[in-house]
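Q:
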Ligand code: FES
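Numbering (our numbering), first residue to last: 7 to 283.
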């Protein structure tokens, strides 16, 4: 059971500004029904001020609460002010969201962004928008507002895998969209490990890959009655037989092959490519 703030409960039970706006000046959408959450945001804009906002959502209580508070936050704001609203500000306005529900605030931010892009041309929208930064470093995990510098600091302090970085910074613990970017940062800052892998003989590489498959990937797939078998390794190409699926793949919108590749890149070497045989 998630631990919700009173504000989340209030906005879930009594959502503000539910519905649509006829002749809306801008409409934005985010999420997808196939993923369980979808938000449609309607804006009425007068003289660059958002004079009204309404939403329709299909999703969990946090999605309703985040959408509801977002409409309250943007009504009366100028478009420039609305552009700068971050998902963290949406979550903060609700006195926080459980980590697993931070993606609901991201969905609110994305629907707002989509509406504003539809109102401006996309080019104009980005030309005026500053990249979101924290102390001068670009934000990589938007759910938890974790910057590139914080991830590099974690790596410099001994984090070697995505899970290590998540434990130290919380990055990647909600929607997971930042995983690939985090992985890249780890790779760039663990150059010695890369050299170490490149220096292995073909047999040593197979053994290393197979160890990760048998000890980490296969047990995880087995939880969802999935399976994996290493067929061959040719250079940086890894050939596997796969069966079933895994729940974490569905949550992160990955295929099973993507999941295996992600794990091998994370735990063995980022240059590896996975192919199904
Ligand atoms: S962007 Fe959602 S967990 Fe990082």
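Just so you know, even glycine gets a beta-carbon here, dropped at the ideal spot from N, CA and C.
In this text the structure is predicted, and so the values were computed from the model without any measurement.
Between which two residues does the beta strand (DSSP E) holding residue 44 run?
A: If you number the chain shown from 1, residue 44 lands on position 38. 43-52 is the extent of the beta strand (DSSP E) around residue 44.
Q: Mind reading off the beta-carbon distance from residue 75 to residue 99? Whole number of angstroms is fine, and I expect it under 8 Å.
A: Within the chain shown, numbered from 1, the residue matching residue 75 stands at position 69. Within the chain shown, numbered from 1, the residue matching residue 99 stands at position 93. Residue 75 to residue 99, Cβ: 5 Å. Contact.
Q: With a threshold of 7 Å (Cβ to nearest heavy atom), would residue 72 be considered close to the ligand FES?
A: As a first step, residue 72 must be located in the chain shown, where it is residue number 66. Checking every heavy atom of the ligand FES against the Cβ of residue 72, none is found closer than 7 Å.
Q: If I measure Cβ to Cβ from residue 55 and keep anything under 8 Å in the same chain, skipping five residues before and after, which residues do I get?
A: Taking the chain shown and counting its residues from 1, the one referred to as residue 55 is at position 49. 82, 83, 84 and 85.
Q: Among 13, 18, 34 and 48, which has the Cα closest to the Cα of residue 26?
A: Counted from its first residue, the chain shown places residue 26 at position 20. Residue 48 is the option with its Cα nearest to residue 26.
Q: Report the three-state DSSP secondary structure of residue 60 (helix, strand or coil).
A: Against the chain shown, residue 60 aligns to sequence position 54. In this structure, residue 60 counts as strand in the three-state DSSP scheme.
Q: Between residue 182 and the ligand FES, is there a pair consisting of the residue's CB and a ligand heavy atom that are separated by less than 7 Å?
A: Looking up residue 182 in the chain shown gives position 176. Within the cutoff, so yes.
Q: Out of curiosity, what's the CA-to-CA distance linking residue 22 and residue 165?
A: Counting from one through the chain shown, the residue named residue 22 turns up at place 16. Counting from one through the chain shown, the residue named residue 165 turns up at place 159. Each residue's Cα considered, the two are about 43 Å apart.
Q: Considering only C-alpha positions, which residue in the set 52, 71 and 9 is nearest to residue 61?
A: Within the chain shown, the letter at position 55 stands for residue 61. Measuring from the Cα of residue 61, the nearest candidate turns out to be 71.
Q: Below 8 Å CB to CB, which residues in the same chain sit around residue 79 once its five sequence neighbours on both sides are set aside?
A: In the chain shown, counting from the first residue as 1, residue 79 sits at position 73. Closer than 8 Å at Cβ, skipping near neighbours: 91, 95, 96 and 99.
Q: Quick check: residue 203 and residue 188, are their CB atoms within less than 8 Å of each other?
A: As a position in the chain shown, residue 203 is number 197, starting the count at 1. As a position in the chain shown, residue 188 is number 182, starting the count at 1. The answer is no: Cβ separation not under 8 Å.
Q: So, helix, strand or coil for residue 283, using DSSP?
A: As a first step, residue 283 is located in the chain shown; it is residue number 277 there, counting from the start. Reduced to three states, the DSSP call for residue 283 is coil.
Q: Determine, using beta carbons only, whether residue 5 and residue 112 come nearer to each other than 8 Å.
A: This structure does not reach residue 5, given that the chain is present from 7 up to 283, and the question cannot be answered.
Q: Between 230, 9, 280 and 33, which lies nearest to residue 120 when the distance is taken from Cα to Cα?
A: Translated into positions along the chain shown, residue 120 becomes position 114. Residue 33 is the option with its Cα nearest to residue 120.
Q: Give a yes or no on whether the C-beta atoms belonging to residue 215 and residue 236 are separated by under 8 Å.
A: Reading the chain shown from its first residue, position 209 is the one you call residue 215. Reading the chain shown from its first residue, position 230 is the one you call residue 236. A contact, by the Cβ cut-off of 8 Å.
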